[in-house]
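When the letters of the sequence shown are read in order and numbered with our numbering, they come out as residues 10 to 266.
In this text, a Cβ means the ideal position worked out from N, Cα and C, and glycines have one as well.
Computed from a prediction, not measured in an experiment: that's the story for all the values here.
Scroll down for the structure; my scribbles are underneath it.
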Amino acid sequence: MNSLLHNPVIELALPYFLVAFAAFEVIALIAGGVWIWLCDGTRDDDLPDAYPESLDPYEVAYLQGGAPQVTRLVVFDLIEQGVLTLSNGKPRLFMFPGRPLLRRADPAPDLANLNPIQRAAWNWTAVPRRPGDLLHRQVGLLQHVDPLCAPLTQALTDRRLLETAGRRHARLLVSRTLIAAFVGLGLYKLFTMVILGQGEFVSLLLLILAGLVSTRIICHPRRLSVLGFRYLESLQLERGDWDHTSLMAADRSQPLA
């Protein structure tokens, strides 16, 4: 018990301990961030020499913004095809135009020509929907599209464009290690200060909190790998004028695997 209350960490004056603790946090965060980056494993992978003329627009959308971007794209796609329409609802008070609503267009399309994501959007619009509800957590189209993005995720993972397993495991290990180190060392000093009746400890609590926030930042999940970021940037540089319309012209009828 005596060694727990009398050792270099505890006997170090609080101002000097804060400086040492802050330096420890900075060094640990830098080392953790570098290790996570090194564990990505795709930074030295080569980009393709040329991109295919027909890019899968849903893959590009997933690279850009994940399932939410795919959700926006499928609605845009079906409006372009004339499967859905965007029109004003019933007039509101004082004859102001109603809010825009997504509706099914007539006549109904051949559902066999729709891929699973498009069919989910068709089913979702069985009743008129507000565009603002696309990403709603409870009634939005996103909750139906998200599980259907598994084939896109698998295809992009196979091409090493999404976060690699190595980086994901490194991120989790670094996060747990840093949290344990910052909280353990900080609370150890804090509790001994309380037991010994030493000065104020607000600054120490703030420093612990800063370390936890910084850990969360450097260990935040990333959808794309280093290669994925480079691939998307290269694609945008090579086809600077590409948009959703030109991508959709590639192949509308090809179903997702």
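*Beta-carbon contacts of glycine 237 that lie in its chain and below 7 Å, excluding the five residues immediately before and after*: Here the set comprises Leu72, Leu170 and Leu171.
*Determine the contact status of aspartate 142 and valine 148, defining contact as a CB-CB distance below 7 Å.*
It is a contact, given that the beta carbons lie within the stated cut-off.
*By DSSP, does threonine 173 sit in helix, in strand, or in coil?*
coil
*With C-beta atoms as the reference, is leucine 157 less than 7 Å away from alanine 129?*
yes
*Indicate whether isoleucine 45 and alanine 179 have their beta-carbon atoms separated by less than 7 Å.*
Taking the C-beta atoms as reference points, alanine 179 is found nearer than 7 Å to isoleucine 45.
*How big is the Cα-Cα spacing for glutamine 90 and tyrosine 67?*
15 Å
*asked:* Quick check on the burial criterion: 16 or more other C-beta atoms within 10 angstroms. Buried or exposed for isoleucine 204?
replied: The Cβ neighbour count for isoleucine 204, taken over all protein chains shown within 10 Å, is under 16; the residue is labelled exposed.
*asked:* Taking a contact to mean a Cβ-Cβ separation below 7 Å, would you say aspartate 49 touches threonine 173 in this structure?
replied: yes
*For my contact list, leucine 111 and leucine 123 are in at a C-beta cut-off of 8 Å; report their separation, rounded to the angstrom.*
16 Å between Cβ atoms; not a contact.
*Could you tell me the boundaries of the alpha helix (DSSP H) in which leucine 221 lies?*
211–227
*Nearest-angstrom Cβ-Cβ length linking leucine 216 and glycine 195, presumed shorter than 8 Å*: Contact between leucine 216 and glycine 195 holds: their C-beta atoms lie close to 7 Å from each other, under 8 Å.
_Given this structure, state the Cα-to-Cα distance separating isoleucine 88 from glutamine 127, to the nearest angstrom._
11 Å
*Opposing strand residues paired with leucine 233 [DSSP bridges]*: Leu171
*Quick one: using the 10 Å Cβ neighbour count with 16 as the cut-off for buried, is tyrosine 240 buried or exposed?*
buried
_Just to confirm, is the Cβ distance from proline 109 to leucine 95 under 7 Å?_
Closer than 7 Å, so yes.
_In whole angstroms, give me the CA-to-CA distance for arginine 177 and leucine 233._
11 Å
*Extent of the continuous alpha helix (DSSP H) run through isoleucine 118*: Checking the sequence shown, residue 118 turns out to be proline, not isoleucine. That residue, proline 118, is in no alpha helix (DSSP H); it is neither H nor E in DSSP.
*How is histidine 109 classed by DSSP in three states: helix, strand or coil?*
Histidine is not the amino acid found at residue 109; the sequence shown has proline there. Strand at proline 109.
*Residue burial classification, arginine 138 (beta-carbon count within 10 angstroms, cutoff 16)*: It counts as buried.
*Exposed or buried, glycine 74, counting other C-beta atoms within 10 Å across all chains shown (16 or more means buried)?*
exposed
*Is the CB-CB distance between tryptophan 133 and leucine 144 below 7 Å?*
No.
*Local Cβ density within 10 Å of glutamate 209, reported as buried at 16 or more and exposed below that*: Within 10 angstroms of the beta-carbon of glutamate 209 lie fewer than 16 other beta-carbons, which makes it exposed.
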